[in-house]
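S.K.: Numbering (UniProt numbering), first residue to last: 1 to 260.
1. Which word fits residue 167, buried or exposed, when buried means at least 16 other C-beta atoms lie within 10 angstroms of its C-beta?
2. Residue 222 CB to nearest chain B CB: under 7 Å?
3. Figure out for me which residue from 207, 119, 186 and 68 has the closest Cα to the Cα of residue 216.
4. Is it buried or exposed for residue 76, if we count other Cβ within 10 angstroms and need 16 for buried?
5. How many Å lie between residue 109 and residue 121 at the Cα?
6. How many whole angstroms separate the CB atoms of residue 185 and residue 240, which I take to be in contact at a CB cut-off of 8 Å?
7. When the distance is taken between beta carbons, is residue 118 closer than 7 Å to residue 189?
8. Across the region 196-205 and the region 223-233, are there enough close Cβ pairs to call them in contact, namely three or more that are closer than 8 Å?
9. Is the separation between the beta-carbon of residue 96 and that of residue 234 shorter than 7 Å?
10. Tell me the rounded alpha-carbon separation between residue 139 and residue 158.
11. Apart from the five residues on each side of it in sequence, which residues of its chain come closer than 6 Å, Cβ to Cβ, to residue 253?
12. Taking only three categories from DSSP, how would you classify residue 194?
13. Out of curiosity, what's the CA-to-CA distance linking residue 17 and residue 38?
14. DSSP on residue 31, reduced to helix/strand/coil?
15. Alpha carbon to alpha carbon, what distance is there between residue 221 and residue 105?
16. With DSSP run on the structure shown, which of helix, strand or coil describes residue 111?
17. Considering only residues of the same chain and omitting the five flanking positions on each side of residue 192, which have a CB-CB separation below 6 Å?
18. Figure out for me which residue from 54, 126 and 147 has the closest Cα to the Cα of residue 247.
19. Where does residue 249 land, buried or exposed, given buried means 16+ other C-beta within 10 angstroms?
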């Protein structure tokens, strides 16, 4: 509590992310679920509308849809997977990217202002789904034993080093990847939204409830900094979606490549 301030300021914390159900008694139907459902509707509507009346001379919507699709296909799937097989993974990577992007940007959209992946469970599910896919395609191509060798026995390593390398490579390539994927995404969304809440709510508190001119002036500065952080958050939200999908594509490329 600040000396001379009329009421105590309670900063936002982890408990601020525990949102009540939208419909009383339906515990699973929370704001993140609603936001995720809305983003699915928006993505389906956008790509359906963009491709519904495809023409040689594209409309603005078709041009935007092709631009979005080509970004994922060329800049992520083709570059990261780097094989003739990359096209079969484009639908998953495209859907994952735009689902993740919109759910992250939801934290900066007025009236929503909550990034879905600031709940750890959503990040874990996305990471496990990618983990299952890249391991499955690797096993399908190399066989179970071949894939294990591919991921844990680097080419060119002396045989006497293999007892040391195999557990290290197994932990790094098989166990740690989904953990690092999920934690990177979750931590950035959680910390960014929490920081934004501290600046905005703290600034509002100092301006309207402090009762002191000096504190009100500090509150204005704090609020302005909160706006700057909100702009930075848009960049972080976008880049985290990109990083997650790029890493997923790289893991798929590593799983199906001929050499480790």
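Built from N, CA and C at the ideal position, the CB exists for glycine as well.
M.R.: Quick answer:
1. As a working mapping, residue 167 is identified with position 167 in the chain shown. Its Cβ having fewer than 16 others within 10 Å, residue 167 is exposed.
2. Judged by its chain identifiers, the structure shown contains no chain B, having just a single protein chain.
3. If you number the chain shown from 1, residue 216 lands on position 216. Cα-wise, what sits closest to residue 216 is 207.
4. Here residue 76 corresponds to residue number 76 of the chain shown, with the count starting at 1. Counting Cβ neighbours within 10 Å, residue 76 comes out buried, since at least 16 surround it.
5. As a position in the chain shown, residue 109 is number 109, starting the count at 1. As a position in the chain shown, residue 121 is number 121, starting the count at 1. So the two alpha carbons sit approximately 22 Å from each other.
6. Working through the chain shown from its first residue, we reach residue 185 at position 185. Working through the chain shown from its first residue, we reach residue 240 at position 240. The pair is a contact, with the Cβ atoms about 6 Å apart (cut-off 8 Å).
7. The residue given as residue 189 occupies position 189 in the chain shown. The residue given as residue 118 occupies position 118 in the chain shown. For residue 189 and residue 118, yes; Cβs fall inside 7 Å.
8. The way I'd put it, the region 196-205 does touch the region 223-233; three or more beta-carbon pairs between them come closer than 8 Å.
9. For this step, residue 96 is matched to residue 96 along the chain shown. For this step, residue 234 is matched to residue 234 along the chain shown. For residue 96 and residue 234, no; Cβs fall outside 7 Å.
10. Residue numbering aside, residue 139 sits at position 139 when the chain shown is read from its first letter. Residue numbering aside, residue 158 sits at position 158 when the chain shown is read from its first letter. For residue 139 and residue 158, the distance between alpha carbons rounds to 25 Å.
11. Reading the chain shown from its first residue, position 253 is the one you call residue 253. So the qualifying residues of the chain are 80, 81 and 82.
12. The residue labelled residue 194 in the question sits at position 194 within the chain shown. Here residue 194 sits in helix by DSSP.
13. On the chain shown, position 17 is the one that residue 17 refers to. On the chain shown, position 38 is the one that residue 38 refers to. So the two alpha carbons sit approximately 19 Å from each other.
14. Translated into the one-based positions of the chain shown, residue 31 becomes position 31. Looking at residue 31 - three-state DSSP - the assignment turns out to be helix.
15. As a position in the chain shown, residue 105 is number 105, starting the count at 1. As a position in the chain shown, residue 221 is number 221, starting the count at 1. The alpha-carbon atoms of residue 105 and residue 221 are separated by roughly 25 Å.
16. Residue 111 sits at position 111 when you count from the first residue of the chain shown. Coil, per DSSP.
17. Looking up residue 192 in the chain shown gives position 192. Excluding residues within five positions, the ones whose Cβ falls inside 6 Å are 233 and 236.
18. For this step, residue 247 is matched to residue 247 along the chain shown. Nearest option by C-alpha distance: 126.
19. Position 249 of the chain shown, counted from the first residue, corresponds to residue 249. Residue 249 is buried by the Cβ-count criterion.
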